[in-house]
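Chemist:
Residue numbers (our numbering): 408 to 1004.
(1) Quick one: residues in its chain with C-beta nearer than 6 Å to the C-beta of residue 464, no 5 flanking neighbours on either side, listed in chain order?
(2) Which of helix, strand or coil does DSSP assign to residue 764?
(3) Between the stretch 630–642 and the stretch 976–990, do three or more beta carbon pairs fall short of 8 Å?
(4) Note down, one range per segment and in chain order, each beta strand (DSSP E) of at least 3 residues found wholly within the stretch 605–675.
(5) Just list the alpha helix (DSSP H) runs in the stretch 515–564, keeping only unbroken ones of 4 residues or longer that don't cross its boundaries, in chain order.
(6) To the nearest angstrom, report how far apart residue 840 and residue 851 are at their CA atoms.
(7) Give a yes or no on whether the minimum CB-CB distance between residue 934 and chain D is below 9 Å.
(8) Taking the straight line between their C-alpha atoms, what separation do you get for residue 889 and residue 944?
(9) For the stretch 803–817 and the stretch 610–628, state whether three or more C-beta atom pairs, one from each stretch, are separated by less than 8 Å.
(10) Would you check if there are 3 or more beta carbon pairs closer than 8 Å linking the stretch 894–910 to the stretch 943–963?
(11) For residue 972 versus residue 761, is the C-beta spacing smaller than 9 Å?
(12) When DSSP labels each residue in this structure, what does residue 956 get in the three-state scheme?
(13) Just to confirm, are residue 743 and residue 711 a CB contact at a threshold of 9 Å?
(14) In chain order, which beta strand (DSSP E) runs of at least 3 residues are fully inside the stretch 679–713?
(15) Along the chain, where does the beta strand (DSSP E) that runs through residue 1050 open and close?
(16) Looking at the unbroken alpha helix (DSSP H) that takes in residue 716, where does it start and where does it end?
(17) Where does residue 460 sit, in a helix, a strand or coil, going by DSSP?
(18) Which one of 820, 459, 655 has the shortest CA to CA distance from residue 978?
(19) Around the C-beta of residue 526, are 16 or more other C-beta atoms found within 10 angstroms, so that it is buried, or is it exposed?
(20) Are there 16 or more other CB atoms within 10 angstroms of the CB of residue 594, so buried, or fewer, so exposed?
(21) For residue 489, count neighbouring Cβ atoms within 10 angstroms of its own Cβ and tell me buried if that reaches 16, exposed if not.
(22) So, for residue 675: in the same chain, excluding its five sequence neighbours on each side, which residues have a beta-carbon less than 8 Å away from its beta-carbon?
(23) Per DSSP, what kind of secondary structure is residue 785 in: helix, strand or coil?
(24) I believe residue 765 touches residue 926 by the beta-carbon criterion, under 8 Å. Please report the beta-carbon distance rounded to the nearest angstrom.
(25) From residue 853 to residue 844, what does the alpha carbon distance come to, in whole angstroms?
(26) In the DSSP assignment, find the beta strand (DSSP E) that holds residue 734 and state where it starts and stops.
(27) Taking only the alpha-carbon atoms, compute the straight-line gap between residue 622 and residue 430 and give it to the nearest angstrom.
(28) Pick helix, strand or coil for residue 935, following the three-state DSSP scheme.
(29) Grouping DSSP H, G and I as helix and E and B as strand, with all else coil, what is residue 847?
(30) Helix, strand or coil: which one does DSSP assign to residue 913?
(31) Note down, in chain order, each residue of its chain lying with its Cβ closer than 6 Å to the Cβ of residue 643, except the 5 sequence neighbours on either side.
(32) Given that a residue counts as buried once 16 or more other Cβ atoms are within 10 Å of its Cβ, and exposed if not, what is residue 736?
(33) For a test of the three-state rule: what should DSSP assign to residue 499, helix, strand or coil?
(34) Count the CB pairs spanning the stretch 644–652 and the stretch 586–606 that are closer than 8 Å, and state whether there are at least three.
(35) When you compare only the Cα positions, how much space is there between residue 491 and residue 532?
(36) Measure how close the beta-carbons of residue 746 and residue 708 come, nearest whole angstrom, since I'm counting them as under 8 Å.
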């Protein structure tokens, strides 16, 4: 029979064994960090001028309205001191419990000890008081430009979120309990996870969000049957196999963003937009963009349009023997589709019958949440980086988009992986999110400077192959789908861009949820609804106020819209033809290629 002493000895042995592993892991961590690349400081945070402007604005408030500043300070001091006194009074009475917790619910603090234990509750509430005080201080900076104020609020929030007590072992009850339960094994496994991520990113820290061994593109994700029937240096053109005897005469081409990979639209059969479109009786083609390396340094927007959009449209017309096609552009690919359509209008090319835009910005006067990264302090740094390396590495893209949802995509995954020692989940969406792509140097600068910063498309000054393009040139029927909580392409900005199109036949659909979930929203789930309004596209908020709410996915409504503009039914087409032999099975070769950064 095992004695209590033997149990304790066994636990100590396991603890000592786990501690011994730390030495080896520490050596690996030092070796990994020695490989850390030199990163331009401008890519690590906003320029110092932002904080100088904030400090100047704060001093102006102090001088011009000292009562307001004092009111903020007294409010913060009062709440902090009151809570301290309440905690002290309970302890003085011999009660090991927390005072009444009036703080708002926050899922970071879901462990019961955050409310019941005096130590953890005190830390949490003092942290939340400090957050509230900082938010009030920034909100009160009336002498700061609105854009600068928005940027200050965002980056201050990043600091505040980073300093949350949940992010530190000594103040995280979940992590401490786990360490005790496992005799320190969770901390050792967490260090192993940390070292693994450092080694995978050459000394930079990028949290692994999903189990990379759980998925293989073309095997258990991206599996809709189809074939690559055309390939050039910019893209592979995939034609999907029909699932109906008859199909609409006018084929459809989807141009996905080259910032990410196209299989977000084909994760699994249950939520695959690609499969759903094929099942509705459309002949579907999808462009799979190349993941560029430094040899694509001088590839610009004209190259994407000429060798991507125009070539794909021409090849599909030949394969299907039709004069016109329908097209879809998603995110940046939608922006570039609008450039292409304007250029085609000016050159008299009538190859496109109707166009759909998913979460697309064409008017960048309001850049939404991502706009905090589009000032010169960041863009100058990006320009220096791409000029030196020939490309914008997927590392920077992944990190930037992660910081738009830092608690969900950085801190919570880091806590689970590094402090709890948990393995990354087998989650297809997060796997895709971590399967990033590079961007060519020239194209990156053209997009950031010309479209994002100078808003040249909406202003009618952007150049495409020697022609000045304009939104007014887009006169074919168009449908735009925007997402209500999109942090990349704000829905009101998408609306304002569509409003400027020259088309008379314009449809706008507002989906619930964000940039991805609002688009990848199959009807079978009945998860997110959508809004439609046949009224004029004059003002986004007025349109929204008068819109009709529909339960479930927007896909069926869009399918009806597309069917009306896709012609009569013809016998189903198998992939390719005599001049377009099958080059590879879908999802192709470009989507799985791994270029060097």
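Note that the Cβ used here is the ideal one computed from N, Cα and C, for glycine as well.
Modeler: Taking the structure as given:
(1) Residue 464 sits at position 57 when you count from the first residue of the chain shown. Once the five neighbours on either side are set aside, the close Cβ partners of residue 464 are 548, 550, 551.
(2) As a first step, residue 764 is located in the chain shown; it is residue number 357 there, counting from the start. Residue 764: strand per DSSP, three-state reduction.
(3) Result yes; three or more Cβ-Cβ pairs closer than 8 Å.
(4) 633–638, 642–647, 653–655, 659–662
(5) 520–523, 525–546
(6) In the chain shown, residue 840 corresponds to position 433, counting from 1. In the chain shown, residue 851 corresponds to position 444, counting from 1. The alpha-carbon atoms of residue 840 and residue 851 are separated by roughly 20 Å.
(7) In summary, chain D is missing from the structure at hand, where a single protein chain is found.
(8) Walking along the chain shown from the start, residue 889 turns up at place 482. Walking along the chain shown from the start, residue 944 turns up at place 537. Approximately 14 Å, taken between the alpha carbons.
(9) yes
(10) yes
(11) Within the chain shown, the letter at position 565 stands for residue 972. Within the chain shown, the letter at position 354 stands for residue 761. The answer is yes: Cβ separation under 9 Å.
(12) Here residue 956 is taken as the residue at index 549 of the chain shown, counted from 1. Annotated three-state conformation of residue 956 is strand, per DSSP.
(13) Counted from its first residue, the chain shown places residue 743 at position 336. Counted from its first residue, the chain shown places residue 711 at position 304. Yes. Within cutoff.
(14) 691–696
(15) No answer is possible for residue 1050: the residues shown for the chain start at 408 and end at 1004.
(16) Within the chain shown, residue 716 is the residue found at index 309, counting from 1. Looking at the DSSP string, residue 716 is not in any alpha helix (DSSP H), and its letter there is neither H nor E.
(17) To locate residue 460, count along the chain shown from 1; it is residue 53. Residue 460 falls in the helix class under three-state DSSP.
(18) In the chain shown, counting from the first residue as 1, residue 978 sits at position 571. For the residues 820, 459, 655, the minimum Cα distance to residue 978 belongs to 655.
(19) On the chain shown, residue 526 is found 119 positions in, with the first residue counted as 1. Exposed.
(20) Sequence index remark: in the chain shown, residue 594 carries index 187 (1-based). So residue 594 ends up on the buried side.
(21) Walking along the chain shown from the start, residue 489 turns up at place 82. Exposed, since its Cβ has fewer than 16 Cβ neighbours within 10 Å.
(22) Locating residue 675 in the chain shown gives position 268, counting from the first residue. Within the same chain, residue 675 has close Cβ partners 627, 628, 630, 835.
(23) Taking the chain shown and counting its residues from 1, the one referred to as residue 785 is at position 378. In the structure shown, residue 785 sits in a helix (DSSP, three-state: H, G or I).
(24) Stepping through the chain shown from its first residue, residue 765 is reached at position 358. Stepping through the chain shown from its first residue, residue 926 is reached at position 519. About 5 Å separates the two Cβ atoms, so the contact holds.
(25) Along the chain shown, one-based indexing puts residue 853 at 446. Along the chain shown, one-based indexing puts residue 844 at 437. The C-alpha of residue 844 is placed about 18 Å away from the C-alpha of residue 853.
(26) Position 327 of the chain shown holds residue 734. From DSSP, the beta strand (DSSP E) with residue 734 extends over 732–737.
(27) Working through the chain shown from its first residue, we reach residue 622 at position 215. Working through the chain shown from its first residue, we reach residue 430 at position 23. Between residue 622 and residue 430, the alpha-carbon positions lie close to 32 Å from each other.
(28) Here residue 935 is taken as the residue at index 528 of the chain shown, counted from 1. In the structure shown, residue 935 sits in coil (DSSP, three-state: anything other than H, G, I, E or B).
(29) For the purposes of this step, residue 847 is identified with residue 440 of the chain shown, where counting begins at 1. DSSP places residue 847 in strand when its eight states are reduced to three.
(30) Along the chain shown, read from residue 1 onward, the residue named residue 913 stands at position 506. If DSSP states are grouped into helix, strand and coil, residue 913 belongs with the strands.
(31) Residue mapping note: residue 643 aligns to position 236 of the chain shown, counting from 1. Here the set comprises 635, 695, 995, 997.
(32) Residue mapping note: residue 736 aligns to position 329 of the chain shown, counting from 1. Residue 736 comes out buried.
(33) Indexing the chain shown from 1 puts residue 499 at position 92. Helix.
(34) no
(35) Here residue 491 corresponds to residue number 84 of the chain shown, with the count starting at 1. Here residue 532 corresponds to residue number 125 of the chain shown, with the count starting at 1. Whole-angstrom Cα-Cα distance: 10 Å.
(36) For the purposes of this step, residue 746 is taken as residue 339 along the chain shown, with counting starting at 1. For the purposes of this step, residue 708 is taken as residue 301 along the chain shown, with counting starting at 1. At roughly 7 Å, the Cβ-Cβ gap stays under 8 Å, so residue 746 and residue 708 are in contact.
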